[in-house]
Amino acid sequence: MIRLSKKLLLFFALISAIILRCGGAAAAVEDEDPLLGVKEGWAWPVVVIKPENGWESPEGDAIKHAMRTAEREISTQREAIRGREITFMFSDIADRGELPSRLETWRAMNVSAIVSFADSGFNEILAELCRERGPSLLFAGGDDMILNSPNTGRPWPYLFALDLPYYARANALAEAAYLARHEQAAVVTDILSRKLAAGAEQNIRFLRARGLDTLNLSVAAYRQDEFLPQVREAASGGTKLFICWLDAMATLSIWQNSQRRQDGIVVYYSGGPQQILTDADGLVIVDRDVLLDRNEDGRHVIINKIRDAFNVIVEDPVTAAKAYAMAKWVVGAYQVTGVGETPNIALALGRIGEIPLMDEILSIDPATHRPKSRKYGVLRVQNRTYESHGSVEVFSRETIE
3 MIRLSKKLLL FFALISAIIL RCGGAAAAVE DEDPLLGVKE GWAWPVVVIK
53 PENGWESPEG DAIKHAMRTA EREISTQREA IRGREITFMF SDIADRGELP
103 SRLETWRAMN VSAIVSFADS GFNEILAELC RERGPSLLFA GGDDMILNSP
153 NTGRPWPYLF ALDLPYYARA NALAEAAYLA RHEQAAVVTD ILSRKLAAGA
203 EQNIRFLRAR GLDTLNLSVA AYRQDEFLPQ VREAASGGTK LFICWLDAMA
253 TLSIWQNSQR RQDGIVVYYS GGPQQILTDA DGLVIVDRDV LLDRNEDGRH
303 VIINKIRDAF NVIVEDPVTA AKAYAMAKWV VGAYQVTGVG ETPNIALALG
353 RIGEIPLMDE ILSIDPATHR PKSRKYGVLR VQNRTYESHG SVEVFSRETI
403 E
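Just remember that the working numbering sits 2 ahead of the position in the sequence shown, which is counted from 1.
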């Protein structure tokens, strides 16, 4: 009887071990010990840095459930990744001063990838620590991050981003003007703002590359009305399109003056949607996230995917879609390499394709460590709302950081 009991115990222990590796049953125990696979050596750990509002926020909840969904999809496959799985470890680190020591702990655990949803200040410190030694650091945004080394002009080996850089909007505005069949444009900017002036310079370069006759109206302005004489002169010469790399108030002032002329002048704005500009009927902007925000089918797909996995409905499906894309990006690198060594994972991350972001299927460009292209929505102010007017595609190799 005693021998039989021991055999039964061994049998049940074996069954338990098998169940723990099975995605369908793993849900029952993952809350009790989510790092079991890491401890036993059959799962690769991937660290996830929390968003600014924390894990308990709708954003944090969406990230966790979306990435756990991708994790579970791998665990339910018969062979998983050559017999191993992925475990996302959701870090609560908030003190930037702890990053160096925490990073050494992660390296000791053989963490080869970190996905960050943190703010730019936190990301900048993390980037400096990871960019040359690893682990690979993937920004869920990254439009405000510099990935390129100033010495080589190429991306640091361990830095990656889902978004194109901030100045990609310069390319998007030029493409929107070209598709709208404008033949000439005037770009208005304040040279006292280094960031806006740099965007305007890039914008002019792409407008001219698209064949538009482009006038550079760069002014050192201290008041918003100091742009008006140059704008009036350009309009008198036949310019019909003004692209404003200015603040919202100065842009609104230019739009108001254009409306008095009654000659079909159109104003484009380089910033994002702002309530103050909803009076500017006909004003055009480009926006990176509007295609995700307004994609009802895509929102339903990610909501249903998470609901099917966890019987939970997330409140922030756009963030969930981004988190799911990040998870698939990382998982793809492990699937390609089949090993967890940091250099191998970094090389694979720079070449992964088939990353689903709602309707977009992204591929990473090894020359930029960002998606080869992203779509930007075109919005036009009508009846005090921002109405969708199609989209334009921007290629990361054509952008500047």
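Using N, Cα and C, we set each Cβ at its ideal position, and we do this for glycine too.
Only a predicted model underlies this, so the values are computations on that prediction, with no experimental measurement involved.
Item	Value
Proximal residues to leucine 140 (C-beta, below 8 angstroms), its chain only, five neighbours per side dropped	Ala115, Ile116, Val117, Ser118, Phe162, Ala163, Leu164, Met328, Trp331, Val332 and Leu351
Own chain, CB closer than 7 angstroms to leucine 1, minus 5 neighbours either side, in chain order	No statement about residue 1 is possible, as the shown extent of the chain runs from 3 to 403 and does not include it.
Distance, arginine 225 Cα to proline 358 Cα	45 angstroms
Inside the region 53-134 only - beta strand (DSSP E) runs reaching at least 3 residues	87-93 and 115-118
Glycine 144 versus leucine 166: straight-line alpha-carbon distance, rounded	7 angstroms
Environment of leucine 194 [buried if 16+ CB atoms lie within 10 Å]	exposed
Counted within 10 angstroms of its Cβ, other Cβ atoms place tryptophan 147 as buried (16 or more) or exposed	Contrary to the premise, residue 147 reads as methionine rather than tryptophan in this sequence. That one is buried.
Nearest-angstrom beta carbon gap, leucine 254 and isoleucine 278 [assumed within contact, 8 angstroms]	6 angstroms
C-beta atoms of aspartate 318 and glutamate 58 nearer than 9 angstroms	no
Backbone CA spacing between arginine 212 and glutamate 185 [nearest angstrom]	9 angstroms
Sequence ranges, alpha helix (DSSP H) only - wholly within the region 132-211, length at least 4	170-181 and 196-211
Distance, glutamate 356 Cα to serine 365 Cα	6 angstroms
Within the region 331-394, ranges of the alpha helix (DSSP H) (whole runs, at least 4 residues)	344-351
Nearest-angstrom Cα separation, counted from asparagine 297 out to phenylalanine 312	23 angstroms
Burial state of alanine 222, where buried means 16 or more other Cβ atoms lie within 10 Å	exposed
In chain order, each beta strand (DSSP E) run of at least 3 residues that lies wholly inside the region 232-291	243-247, 268-271 and 286-289
Option nearest glutamine 204 by Cα separation, candidates Arg70, Thr370 and Arg171	Arg171
Inter-residue CB distance, lysine 52 and aspartate 97 (contact presumed, cutoff 8 angstroms)	Contact flag wrong, Cβ pair sits at about 12 angstroms.
Status (buried if at least 16 other CB within 10 Å, exposed otherwise) for glycine 421	Nothing about residue 421 can be reported from this structure: the residues present for the chain run from 3 to 403 only.
Beta-carbon proximity check, alanine 199 vs tryptophan 247, cutoff 9 angstroms	yes
Sequence-distant residues of the same chain with beta carbon closer than 7 angstroms to aspartate 361, five excluded per side	Asn297 and Gly300
Sub-9 angstroms separation of proline 373 and proline 159 beta-carbons	no
Helix, strand or coil at glycine 300 according to DSSP, with G and I counted as helix	helix
Span of the beta strand (DSSP E) around valine 221	215-221
Between the CA atoms of aspartate 367 and lysine 324 - distance to the nearest angstrom	18 angstroms
Start-to-end residues for the alpha helix (DSSP H) that takes in valine 40	38-42
Inter-residue Cα distance where the pair is glycine 230 and arginine 74	Residue identity check: residue 230 is leucine in the sequence provided, not glycine. Near 58 angstroms, if we compare the C-alpha coordinates of arginine 74 and leucine 230.
DSSP three-state assignment for valine 50, whether helix, strand or coil	strand
C-alpha distance - tryptophan 46 paired with methionine 91, whole-angstrom precision	10 angstroms
Beta-carbon proximity list for tyrosine 381, same chain, < 8 angstroms, skipping 5 on both sides	The residue asked about is misnamed: residue 381 is leucine in this sequence, not tyrosine. So the qualifying residues of the chain are Pro275, Val286, Ile287, Val288, Asp289, Val292, Tyr388, Glu389, Ser390 and His391.
Outcome for threonine 107 when other beta-carbon atoms lying within 10 angstroms are tallied against a minimum of 16	exposed
DSSP three-state assignment for valine 320, whether helix, strand or coil	helix
Within 9 angstroms, strictly: CB atoms of alanine 187 and isoleucine 245	yes
Whole-angstrom distance between glutamate 177 and lysine 197, CA atom to CA atom	20 angstroms
Whole-angstrom C-beta distance between tyrosine 326 and alanine 72, which should lie under 8 angstroms	6 angstroms
Residue nearest to asparagine 385 in terms of C-alpha spacing, selected from Thr339, Ser398, Gly284 and Lys307	Gly284
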